[in-house]
Every structure is written in structure tokens, then in C-alpha cells.
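Enquirer:
Protein chains in written order, with the working numbering: chain D, 33 to 322; chain P, 106 to 498.
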């Protein structure tokens, strides 16, 4: 069984690492980069396939040379056998369709094209489109399963069974169980958690985790870097030329007009807070204050 | 006269034969945009609703009452529940069908829709991605403002640095992750003869709850078109085994109050969240969060993180729009995207040390102070004024 994971190097939004400008926007220069949190969950889902089915894992990413840092962090989580970095100046400025074109070509080269399942995160924390995964799946011709909260694979039947969480905002949520023939592309839901129940799984878990530690220390031994030519992509379909969309402008969202008359209260003044408390009960209605 | 790229196609989502709210919101915005468009360009392009499902015929009329000029529906037991692979092919075939477009317009030249809308929810987000990969055109996600304009564009690649005019371009505005910036995405038609692609439709996914529906008008008339889909045998091997409706653990609608927190918890996250939870309990309120919190920027215990720092709790354009009687915003600066989610609240109390925070103008009472200092005092007062009658849910 062969698995591939698509990951992304993203700004680290955790406190202490993230830096915001005075106007509330992200200060990219001062903010560190890490393996994106959703990418990390995708790696955990791939690790499950390693522990349970002995899958070989390749982690892939498109990015500048420094993105190998994301691959190393991903290897530590997944005990990946191979790390693939797709890096070329002509990939720069790609929208999701042009990014998917690079990733499709890359994944077609993993294990000689014999990949059974591809994992990606829910969405990137910076771009936040969630489009690159499904578009890569479509280009690969793999069945796309999004919002997957857990999955199992029937190796003999070559099928996957997955549970998906479909959230219809403000409506309700649906848990769906779906079966699909391999190969599939799984976008992992943020709530995904692997569980290893049997003793043999726990032993395998420990063994691969140790191996992952060793491998990640020498991750460059497992790293392969591909440029556009080595990937065999058509330059017309990647980077800026391959992107139907452009960012036309970025502007500050205008402040909404003040809609309320604001009373300012000193937060250390007990007397005033007493009135606020009374007001809160009054607003919540139907309450008699004794 | 027919053009190659015409009309605005809206992909409708529904449950149990009823369109979900975002579907009607998309139709409302489509109606407004295309009326402006037809006036400005003296044309007669249509809002076309696309519906996939089983026993959906009776919904089609409703879609016309809510703004569609034409409805193309595909009815089959195989389309009962959405499957990305199957639905992507059916929608793409509908979008590329001159024959179908010919049933409601002169479509002699028709190739693909000019514009296309999807819902930015967990179905439409993925469906829009795969359909646009199939149609090989551009897609912007999570849009909350749309404008159609003739634009002069100067772009390093698209226009080789020259200024060029692009007519009838859809400006797609999306709020970024910070909530402070708006990015406008354009999908520009391809003018590079070396690339055999046409960048139509210009497509986007639309945030639920942003646009207004139009009033249901039963005098509206339109064309309803029955499309008979065919399926690839292999695709039907993707099978839905079970479908269960679950109630979200977070219930904003049946609570009279919502207490929300943001990055202001930062000095002692675990303790502050505990205070917020106590306040929520005292007021019998639900707990909300601002968008940055859902990215789990603070180290807290696993149980706190999985209970509170979750997307389901986000109030704002990236989460839920709420309108409780009482909204308490603690340590929330008030990014536009958060304000949009709570501005309909009856009464707003903010707790924040920074009097310049935008949330101040959105509050009826602004309590100046750090949440760790203010909440314990406020809790004291609330407890000593314990109401005689409990808050009715």
C-alpha cells in the first residue's frame, strides 16, 4: 500500500510566534513558518495507514527550498519513507489550479505512479481556500472524500470506508459513511484522531515512532527535490501563466459605522459593575431582581 | 445575439427537498447583480439555478419565486445524496451544454456560463473546486461582496505589464484570515494564444448568511428544464452507506445570551477560558469565539482545546451569524468579520483594556479592563443578584 501526503509550510499562528501589525494584519516578516496544523493532521492520518497497513508514505509539498522544514516536521509525525519537494521559480504566483497541476505531476511520480491514497489537510491556515486538495484529486482522477473524520481500508477488496462530517452552517451536521474504490484522495477533517486499539498496533506504533525520530534527524537522506523540468510539467499550466485568477487588490475592510451609543464603564468600579450585572439580567428578560 | 459565455449559473444545495438558506441568498445576490448587468450592458442574460437530487421537481418553481429565470434540474435516485465525483460530472455537463442553454435563450454560440456561484459550505466548497478543475477556470472561495465592472488591468503576466481592458469582470471580495483585509480576486479571460484555455466561468463560493434573499414573489415566471443525467458505471461504486443527522454540540439559537472570547485571553488562556465558562453558566449562555481562536494559538489543556477552540464556536463571517438578546465580547478587538456575525445582537457588552478597539463602537456597554480582572468582579455581582426566576431557554 502506498500513501502520499500533500503538506504546506505556513505562518505559525501560535502565540509568541505570530506577529501582527498595528492595524491587526499579519506581519509576515516577523512571523515564523512551520508545517501547517491541518497538514500535521493529514500526516497523522497517513501514519495510521503505516501502523495499520504497513503503508509506505511519501510527503510532498510545493514551495521554496526552505519548505523542506515542513517536510522534516511531517516526517517526524508520519515516519515517511520519502520526502518530495517541488521547487522552481516558475511555480511562484500560482493559484489553486496551477498548484494542483504541480502536485498532480508530482504525485504521479511517487512509487512509479502506484499511489493508493493521498491525504491532505482541511485547508491552509493562510490561504484558507481548501481548494487545492480537491483540485489535485480531480486532476489525478482520484475519488475525492472531504471532511474525513476516520477511515479504514480493505486491502483485499481495494476499497476505503470513511466517515465524513458534513456541516451545513446554521442548519445541522451530517455524519456520512461512504465506501469508495481505491485510489482515493482524503482531505482530513480538523477533528480527525487516530486510535490504535490492538496490542500489535500499539507495538507497531512505538516501532515506527522511534524510526520517525531517527529518520527526521537525517531527513535530507530521504529528500528529493524536483524542478519543473524534472517533474515534466508544462510551464504554461503552472505558476502565473497557469493561474486563471489574480489578486487584483488588497484593502483594509472599512470600519462599519458605529451603530450603538456606547457607555464606557471602569472595569474596577464595583458600583458600576453592579449596574451592568443588573442590566444583563434585565436584558435576558423575564427576571425579577430581588 | 448569442455570446460564447453567458448567464450566471447558481448551484443549489438542498435538504429534504428544501433549498438551504445559502441557496436562496445566492439567488438573491445573482438577481441583483444580473439586473444591474442587463441594464448596464443592455443585454438579457439569465440567472440559472442548477439542482441535482431526487424528487426535486417541485422545488424548481420555488427557485424561480426567489430569483431564478431558469432552473435546470437533474432528477435521479443516484443523485439523492451528494457525491462529489458523480455531482461534479453532472454539473460540468450541464454547464457546458449548449442544448440546455438553448431552452431558455438564444444559445447558438454558447460554450460555458459567464459566472458561476457555489455555497462556501462543506459540500459547495469541494464541489466548486472539482467542477472548476474540470472546466479549467478560476475560482475564488469564501466571498462576501461581489461587483461587476469593466476594469483596466496591468499585470506582469496577464497583460505583460501593459494596460488592458477587461469587460464585465466579476470582482470577488474575500475577507482574509485576519478579518481586517479584503482581497479582491479576478478570473480574467485568457488572452495568451499559446494557452488553449478559456477562463470561463468566473466562479466563486459564497459565505452563508452574507447576502439577503429577495422576497418570495409568486408572480415570477421562468423556464424549468428537465435534464436526464447519465452516469459512468465506475463512479457509482462510490456508495453512501449511512447518513445520520447530528445536532452540533454548540447551540447558539436556543440561548438568549452568548459570551464570546478572543485573543485577549492570552496572558493566562486556561484560567481565562474557565472564567468565560463560569460567566456563561451564570447567564445560561452559549460560548462563542473569534476566528483566530479556532486556530488554537494558545497552549491549553486538551479538554479545553477540544471543547472551546473549535470552528463550530466561531462567530463571524467565517462561522455563524448570531442574534442573541445579550452578547458579551471579551478580549475581542472587533475585526470586521467578527462584527458581521454579532451586530444583530440585542444588547452588547464588551470587556477590553483597549478603548481604541473597534468593538467599542459596537457595544452598548464597554467595560474597560482586562478580562481576568473584570470577570471575577462581574461574576460576584451577578451571583449576589441571583435572579428569582431562571432564564427561560
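For glycine and all other residues, C-beta sits at the position ideal for the given N, C-alpha and C.
Computed from a prediction, not measured in an experiment: that's the story for all the values here.
Under 7 Å between beta-carbons, which chain P residues line up against residue 329 (chain D)? List them in chain order, please.
Expert: One cannot answer for residue 329 (chain D) here, as it falls past the ends of chain D, which runs 33 to 322.
Enquirer: Mapping the DSSP letters down to three states, classify residue 100 (chain D) as helix, strand or coil.
Expert: Residue 100 (chain D): helix per DSSP, three-state reduction.
Enquirer: If you run the structure through DSSP and keep just helix, strand and coil, what is residue 184 (chain D)?
Expert: Here residue 184 (chain D) sits in strand by DSSP.
Enquirer: Please determine, among P:470, P:389 and P:213, the residue with the shortest C-alpha to C-alpha distance to residue 359 (chain P).
Expert: Here the closest residue by C-alpha is P:389.
Enquirer: Could you check what DSSP says for residue 272 (chain D) in three-state terms: helix, strand or coil?
Expert: In the structure shown, residue 272 (chain D) sits in coil (DSSP, three-state: anything other than H, G, I, E or B).
Enquirer: How would you list, in chain order, the residues of chain A whose beta-carbon sits under 8 Å from the beta-carbon of residue 276 (chain P)?
Expert: Absent here is chain A; the protein component of the structure consists of chains D and P.
Enquirer: Along the chain, where does the beta strand (DSSP E) containing residue 152 (chain D) start, and where does it finish?
Expert: Here the beta strand (DSSP E) through residue 152 (chain D) covers 149-152.
Enquirer: Please specify which runs of the alpha helix (DSSP H), each continuous and at least 4 residues long, are wholly inside the region 400-487 of chain P, giving them in chain order.
Expert: Fully enclosed alpha helix (DSSP H) runs of 4 or longer: 407-413 and 441-447.
Enquirer: Considering residue 182 (chain P), what are the terminal residues of the alpha helix (DSSP H) in which it resides?
Expert: Here residue 182 (chain P) belongs to no alpha helix (DSSP H), and DSSP marks it neither H nor E.
Enquirer: Tell me the DSSP secondary structure of residue 131 (chain D) in three-state form.
Expert: Helix.
Enquirer: Can you tell me the Cα-Cα spacing of residue 274 (chain P) and residue 133 (chain P), whole angstroms?
Expert: Cα to Cα, the separation comes out at about 19 Å.
Enquirer: Three or more beta-carbon pairs under 8 Å between the region 108-115 of chain D and the region 88-97 of chain D, yes or no?
Expert: Counting Cβ pairs under 8 Å, three or more are found: they touch.
Enquirer: What does a CB cutoff of less than 8 Å around residue 123 (chain P) pick up in its chain, not counting 5 residues either side in sequence?
Expert: Result list for residue 123 (chain P): 164, in chain order.
Enquirer: Residue ranges of each alpha helix (DSSP H) run of no fewer than 4 residues wholly in the region 220-272 of chain D, ordered along the chain?
Expert: Counting whole runs of 4 or more residues, the region 220-272 of chain D contains the alpha helix (DSSP H) stretches 231-249 and 260-263.
Enquirer: Any beta carbon of chain P sitting closer than 8 Å to that of residue 315 (chain D)?
Expert: Chain P contact via Cβ: present.
Enquirer: Under DSSP, the alpha helix (DSSP H) around residue 194 (chain P) begins and ends at which residues?
Expert: Residue 194 (chain P) -> alpha helix (DSSP H) spans 189-200.
Enquirer: In its own chain, which residues sit with a C-beta less than 7 Å from the C-beta of residue 52 (chain D), not counting the 5 before and 5 after it?
Expert: 58 and 59.
Enquirer: Can the beta-carbon of residue 255 (chain D) be found less than 8 Å from the beta-carbon of residue 117 (chain D)?
Expert: Closer than 8 Å, so yes.
Enquirer: Following the continuous beta strand (DSSP E) through residue 381 (chain P), name the residue where it begins and the one where it ends.
Expert: Element bounds for residue 381 (chain P): not the beta strand (DSSP E) but the alpha helix (DSSP H), 374-388.
Enquirer: Spatial neighbours of residue 222 (chain D) within its chain, please: C-beta separation below 6 Å, excluding the five flanking residues on both sides.
Expert: Excluding sequence neighbours, residue 222 (chain D) sits near 154.
Enquirer: Per DSSP, which residues does residue 231 (chain P) bridge with? Please list them.
Expert: Answer by DSSP bridge pairing: none, since residue 231 (chain P) is not bridged.
Enquirer: Which of helix, strand or coil does DSSP assign to residue 82 (chain D)?
Expert: Three-state result, residue 82 (chain D): helix.
Enquirer: Who are the near neighbours of residue 149 (chain P) in its chain, counting only those whose CB is closer than 7 Å to its CB and skipping five residues on each side?
Expert: Excluding residues within five positions, the ones whose Cβ falls inside 7 Å are 143.
Enquirer: Along the region 253-284 of chain D, what residues have a CB closer than 7 Å to any CB found in chain P?
Expert: Residues 268, 272, 273, 276, 277, 278, 279, 280, 281, 282, 283 and 284.
Enquirer: Note the first and the last residue of the continuous beta strand (DSSP E) segment covering residue 127 (chain P).
Expert: Here residue 127 (chain P) belongs to no beta strand (DSSP E); instead the alpha helix (DSSP H) covers 126-145.
Enquirer: Any beta carbon of chain D sitting closer than 8 Å to that of residue 254 (chain P)?
Expert: With 8 Å as the cut-off, residue 254 (chain P) does not count as an interface residue toward chain D.
Enquirer: Please state whether the Cβ-Cβ distance between residue 265 (chain D) and residue 179 (chain D) is less than 8 Å.
Expert: Cβ atoms of residue 265 (chain D) and residue 179 (chain D): not closer than 8 Å.
Enquirer: Using a cut-off of 7 Å between C-beta atoms, extract the partners of residue 482 (chain P) located in chain D.
Expert: Within chain D, the residues near residue 482 (chain P) are 302 and 305.
Enquirer: Measuring only between beta-carbons, confirm whether residue 496 (chain P) sits less than 8 Å from chain D.
Expert: Legend: pLDDT at residue 496 (chain P) = 49, less than 50; position of this residue unreliable, no value from coordinates given.
Enquirer: Tell me the DSSP secondary structure of residue 306 (chain D) in three-state form.
Expert: Residue 306 (chain D) falls in the helix class under three-state DSSP.
Enquirer: Which same chain residues, not among the five before or five after residue 241 (chain D), have their C-beta less than 6 Å away from its C-beta?
Expert: None.
Enquirer: Can you give me the start and stop residues for the alpha helix (DSSP H) that residue 166 (chain D) sits inside?
Expert: 164-172 is the extent of the alpha helix (DSSP H) around residue 166 (chain D).
Enquirer: With a threshold of 16 other CB atoms inside 10 Å of the CB of residue 97 (chain D), please say whether the residue is buried or exposed.
Expert: Its Cβ having fewer than 16 others within 10 Å, residue 97 (chain D) is exposed.
Enquirer: Can you grab the Cα-Cα spacing for the pair residue 289 (chain D) / residue 130 (chain P), in whole Å?
Expert: The straight-line gap from Cα to Cα measures roughly 24 Å.
Enquirer: Against residue 176 (chain D), what residues of chain P qualify as contacts under a CB-to-CB distance less than 8 Å, listed in chain order?
Expert: Simply 189, 190, 231 and 235.
Enquirer: Could you check if residue 193 (chain P) is buried or exposed, using at least 16 other CB atoms within 10 Å of its CB as the buried criterion?
Expert: By the neighbour-count rule (16 or more Cβ atoms within 10 Å), residue 193 (chain P) is buried.
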